[in-house]
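Visitor:
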Amino acid sequence: MKNASYPHGHRRQKAGRSARGMARLGVLLGIVAAAGCAVGPQPGTPNVPAPAAYNAHPLDLHGGPQRIRWTQQESQAWWSLFHSSALNGYIRQAMQANPDLQAARAALAREQSLIAVAQGGLLPSVGAGAGIGRGRAQRTGANGGASYRIPGNLYSLLLGTINVSYNPDVFGRQKDLVHAARARAAVSRASLHQSEVFLAAAVSRAVINGAAAQAQLDAARQIATADARLLHLLQQEYQLGYQNLQSVDQQEAITAAAQARIAPLQADVAVARHGLAALLGQSPDTDLPMPTLASLQLPSSLPTTLPSALAAQRPDIQAAAAELKVAAAQADVATADLYPQFNITADIGKAAMTGGMFFNPFSTLWSLGAGIAAPIYNGGALHAQRRAALDQYKAVSDQYRGTVLDAFREVADALRALQGADTSYQHRLAAQTAAGAALHLAEARYRDGVTDYVTVLDAEIAYQQDTVAAIRARGQRYLDSVALFVALGDGWQPDASDARTASDAQPHSAIHQSPGAPA
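Listed below in structure tokens is the structure:
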């Protein structure tokens with residue numbers, strides 16, 4: 084009896100062990116699946132608190148014509164604050180024709196197309212195939228131990244199939260690829276906006292530099308003309324015996340030096356025009372009228388973004404945040420590569436030798452299959468790849484923090500430079516005015532015989548230097564205003580896609596708002 088019941092009990096024990104093994108396997112697979120979905124860096128930008136003010140010491144622009152106005156505004160066309168129709172037209176033209184900007188738009192379009200490519204991996208793929216063939220088969224037999232072949236009949240083969248394949252995204256690998264593609268598109272979009280900011284600034288600098296060079300050229304010509312008149316006067320007095328030869332020689336040297344300054348300034352005007360033509364996507368021989376420095380109005384009100392809103396305003400910070408999302412998605416993909424990949428395939432079709440048989444139910448063929456591929460041993464390459472992806476995420480995170488801190492520094496530098504340029508221009512303008520009055524008085528006294536030529540010479544040299552310095556200081560004020568707007572990230576035009584992806588590119592919690600008005 085014991086021996087008779089042994090096989091039956093053994094089967095029950097074996098079945099129990101099998102059930103327990105399957106249960107353990109199910110629990111293990113569940114743990115693996117949960118681990119595969121949970122590991123990896125959590126997306127989000129590092130916490131970089133915004134300062135209460137850009138500068139440690141308050142700005143003082145009360146003595147100048149410009150005022151700082153702190154706002155929470157969106158990006159704007161800051162170049163319109165110069166009230167120059169020529170500058171506005173050139174920037175509009177550059178936004179349409181600049182080759183670098185067009186390349187940035189094409190790069191964004193490419194990344195947006197790659198999003199659809201990544202999303203296609205989440206869905207089943209369906210394909211179809213059809214073919215027709217004509218051939219002859221051969222039969223092999225035996226004749227008294229000798230082999231021979233008998234030609235078969237000609238036949239045709241009609242074949243048509245539909246195949247379906249699907250890779251279930253069990254561990255989220257394909258979703259991570261979609262997230263990475265969207266983040267890369269956000270990077271390209273922010274890079275496009277950064278290109279718009281830089282392009283507007285480059286066009287503005289070219290116009291301002293050209294206008295300043297033209298103003299210096301006009302002043303140099305006036306100075307050279309005045310020096311030539313004074314030289315003619317000295318030559319007449321020398322002939323009459325009222326002046327010595329040394330004074331004439333000194334004035335000839337001054338006149339020649341004044342005329343020598345004209346050619347380099349003409350080259351500066353041409354260089355500015357050539358640079359502007361390149362920014363507009365045109366050849367350097369294009370005749371582009373440059374506005375005068377007097378036609379450019381200094382922005383009286385400088386709408387300046389608060390430190391707490393700078394992160395949402397600057398495209399480079401948006402790009403850095405999107406790069407962080409790319410790194411996080413790539414780390415998730417590297418993690419998912421450690422786990423199995425599944426695939427399901429199905430095929431259905433027809434195969435027949437005649438057209439009539441092709442539609443016969445008996446000519447139907449089909450197949451259904453499923454597979455799994457899991458890494459077992461690869462020398463630790465997959466784990467090393469995941470560690471490298473996590474290290475990349477850490478590096479991009481540190482780069483984001485550096486980008487934000489650099490943004491605060493650039494705005495602080497621009498504000499200080501603006502204050503310094505304003506103060507310098509006020510002093511230069513006062514010096515030019517005083518030097519002009521002193522020269523006019525010295526020339527009048529010299530004509531009346533009250534003073535000597537050395538006094539006129541000193542006054543003339545001082546006036547020339549102060550005139551050039553005042554023009555340069557005036558142009559620097561415009562350039563520093565442009566630098567402030569660039570540091571703030573103004574100058575790009577948001578569109579509907581920016582509104583849809585704002586939360587992906589830059590979370591609102593990345594920069595904490597600090598109370599108080601900045602200085």
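Just so it is clear: in the sequence shown, position 136 is 219 by the working numbering, and no numbers are missing. From the three backbone atoms N, C-alpha and C, an ideal C-beta is built for every residue, glycine too.
#1: Taking all protein chains shown into account, do 16 or more other C-beta atoms lie within 10 angstroms of the C-beta of His262, making it buried, or fewer, making it exposed?
#2: Put Arg557 into one of helix, strand or coil per three-state DSSP.
#3: With 16 as the cutoff for other CB atoms within 10 Å, does Leu488 come out buried or exposed?
#4: Return the first residue and the last residue of the beta strand (DSSP E) that Ile459 is part of.
#5: Over what stretch of residues does the beta strand (DSSP E) that includes Ala429 continue unbroken?
#6: Quick check on DSSP: helix, strand or coil for Ala211?
#7: Looking only at its own chain, which residues have a Cβ that is under 7 Å from the Cβ of Trp603, when we skip the five neighbours before and after it?
#8: Write down every uninterrupted run of the alpha helix (DSSP H) in the segment 272-359 whose length is 4 residues or greater and which is fully enclosed by it, in chain order.
#9: Bridge partners of Asn246, per DSSP?
#10: If Thr486 and Asp399 are in contact, beta carbons under 8 Å, what's the gap, nearest whole angstrom?
#11: In the DSSP output, what is Tyr137 paired with across the bridge?
#12: Quick one: is Arg152 buried, meaning 16 or more other Cβ sit within 10 Å of its Cβ, or exposed?
#13: Taking the Cβ atom as the reference point for each residue, do Phe568 and Gln380 lie within a distance shorter than 7 Å?
#14: Check whether the segment 470-486 touches the segment 405-419, taking contact to mean three or more Cβ pairs, one atom from each stretch, closer than 8 Å.
#15: Could you pull the start and end residues of the beta strand (DSSP E) that Thr387 belongs to?
#16: Exposed or buried, Arg511, counting other C-beta atoms within 10 Å across all chains shown (16 or more means buried)?
#17: Using a 10 Å radius around the Cβ and a threshold of 16 neighbouring Cβ atoms, would you call Met440 buried or exposed?
#18: Just the Cα atoms here: how many angstroms apart are Val247 and Arg219?
#19: Where does Gly216 sit, in a helix, a strand or coil, going by DSSP?
#20: Who are the Cβ neighbours of Thr550 in its own chain at under 6 Å, not counting the five residues just before and after it?
#21: Report the three-state DSSP secondary structure of Gly203 (helix, strand or coil).
#22: Rounded to the nearest angstrom, how far is the Cβ of Ala295 from that of Arg560, given a contact under 8 Å?
#23: Taking its Cβ as the centre, do 16 or more other Cβ atoms sit within 10 Å of Leu314, making it buried, or is it exposed?
#24: Roughly how many angstroms lie between the CA atoms of Asp252 and Ala201, to the nearest whole one?
#25: Please state the DSSP three-state secondary structure of Thr447.
#26: Could you tell me the distance, in whole angstroms, from the CA atom of Ala350 to the CA atom of Ser391?
#27: What residues are listed by DSSP as bridge partners for Tyr173?
#28: On the CB-based measure, 16 or more other CB atoms within 10 Å of its CB, does Val537 come out buried or exposed?
Guide: The relevant details are as follows:
#1: Around the beta-carbon of His262, 16 or more other beta-carbon atoms lie within 10 Å, marking it buried.
#2: In the three-state reduction of the DSSP assignment, Arg557 falls in the helix class, which pools H, G and I.
#3: Burial call: exposed.
#4: Judged by DSSP secondary structure, Ile459 falls outside any beta strand (DSSP E); it is assigned neither H nor E.
#5: Residues 424-435.
#6: Note: Ala211 maps to strand in three-state DSSP.
#7: Outside the displayed span of the chain (84 to 602) sits residue 603, for which this structure offers no information.
#8: Qualifying alpha helix (DSSP H) stretches, in chain order: 328-343.
#9: Beta-bridge pairing links Asn246 to Gly210, Asp430.
#10: Asp399 and Thr486 do touch by the CB rule: their CB atoms are close to 6 Å apart, below 8 Å.
#11: Answer is none; Tyr137 lacks a bridge partner.
#12: With fewer than 16 other Cβ atoms within 10 Å, it is exposed.
#13: Not closer than 7 Å, so no.
#14: Yes, the segment 470-486 is in contact with the segment 405-419.
#15: Counting along the chain, Thr387 sits inside the beta strand (DSSP E) bounded by residues 384-388.
#16: So Arg511 ends up on the buried side.
#17: When all chains shown are included, Met440 counts as exposed.
#18: Going by the C-alpha atoms only, they are around 32 Å apart.
#19: Strand, per DSSP.
#20: Closer than 6 Å at the Cβ level, and outside the excluded window around Thr550, lie Ala302, Gln515.
#21: It is helical.
#22: Contact flag wrong, Cβ pair sits at about 10 Å.
#23: Result: buried.
#24: Going from the Cα of Asp252 to the Cα of Ala201 covers about 12 Å.
#25: Residue state for Thr447 is assigned as strand, using DSSP reduced to three classes.
#26: C-alpha separation (whole angstroms): 44 Å.
#27: Assignment of beta-bridge partners to Tyr173 by DSSP yields no partner.
#28: Classification of Val537: exposed, given that the 10 Å Cβ count is below 16.
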